[in-house]
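The next block holds one structure in the form of structure tokens; read it before the comments.
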Amino acid sequence: MMKAEGRVFKYGDNVDTDVIIPARYLNSSDPAELATHCMEDIDKDFVKNVKKGDIIVANKNFGCGSSREHAPIAIKAAGVSCVIAETFARIFYRNSINIGLPIIECPEAAKAINAGDDVEVDFDSGVITDKTTGQSFKGQAFPEFMQKIIKAEGLINYINNK
8 MMKAEGRVFK
18 YGDNVDTDVI
28 IPARYLNSSD
38 PAELATHCME
48 DIDKDFVKNV
58 KKGDIIVANK
68 NFGCGSSREH
78 APIAIKAAGV
88 SCVIAETFAR
98 IFYRNSINIG
108 LPIIECPEAA
118 KAINAGDDVE
128 VDFDSGVITD
138 KTTGQSFKGQ
148 AFPEFMQKII
158 KAEGLINYIN
168 NK
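Heads up, the sequence shown is in my numbering, so the first residue is 8 and it goes up one at a time.
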């Protein structure tokens, strides 16, 4: 059973890839280096405060902008275990799965969950539980093949280990 649990960092609509990882740092493709600048233009304390397992919750169109994989790589390398949003930009969604970053669309959860809440996500059922408020939400469950990609830490590892 795949789960994520952590404290929430909350953001609004249209968080684009240049906010997730500012373009000035794209001369590096090292995940650890990218992680040190993750979200710094929208939340300068994110990198100082994020802990392994924490969760990002955002509103509409998370990950819009460029098609570079640097954005989901930076988020994953920063320790984020899952991103929940009302909607994701399609290329960000695909890139996230490809690099093994779990993301889940759930408008109700995205609207109701607050920064600092403790949230658990069950990828098998798609159930998102805000342990701070006791509310539960039904997001999209992850198909088995997507869970295998995430467990393998990304599509390339998944293919190479088949």
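Just so you know, even glycine gets a beta-carbon here, dropped at the ideal spot from N, CA and C.
Beta-carbon separation (whole angstroms), residue i vs residue j, contact threshold 8 Å
{"i": "Ala65", "j": "Gly133", "result": "Between Gly133 and Ala65 the Cβ distance is about 18 Å, and since that is not below 8 Å, they are no contact."}
{"i": "Ala159", "j": "Gly86", "result": "Actually they are not in contact, since the Cβ atoms of Ala159 and Gly86 sit about 19 Å apart, beyond 8 Å."}
{"i": "Ala81", "j": "Leu41", "result": "4 Å"}
Own chain residues within Cβ distance below 8 Å of residue i, not counting five before or after
{"i": "Lys10", "result": "Glu127, Val128, Asp129, Phe130"}
Run of the beta strand (DSSP E) containing residue i, from where it starts to where it stops
{"i": "Glu127", "result": "125-129"}
{"i": "Ile62", "result": "62-65"}
CA-to-CA distance, residue j to residue i, given in whole angstroms
{"i": "Ser73", "j": "Phe144", "result": "30 Å"}
{"i": "Thr140", "j": "Lys58", "result": "21 Å"}
{"i": "Glu112", "j": "Arg75", "result": "21 Å"}
{"i": "Arg14", "j": "Lys51", "result": "17 Å"}
{"i": "Ala116", "j": "Cys89", "result": "13 Å"}
{"i": "Asn34", "j": "Phe69", "result": "23 Å"}
{"i": "Ile135", "j": "Glu93", "result": "13 Å"}
{"i": "Phe53", "j": "Ile166", "result": "33 Å"}
{"i": "Lys55", "j": "Pro150", "result": "34 Å"}
Cross-strand partners of residue i (DSSP beta bridge)
{"i": "Phe144", "result": "Ile135"}
{"i": "Ala11", "result": "Val128"}
{"i": "Ile27", "result": "DSSP lists no partner for Ile27."}
{"i": "Ala92", "result": "Ala65, Glu112"}
{"i": "Cys71", "result": "Asp23"}
Sequence-distant residues of the same chain with beta carbon closer than 7 Å to residue i, five excluded per side
{"i": "Gln142", "result": "Ala119"}
Close beta carbons around residue i, own chain, < 6 Å, minus the five adjacent residues each side
{"i": "Asp124", "result": "Val15, Asp137, Thr139"}
{"i": "Val26", "result": "Asp48, Ile49"}
First and last residue of the uninterrupted alpha helix (DSSP H) at residue i
{"i": "Leu162", "result": "162-167"}
{"i": "Leu41", "result": "38-42"}
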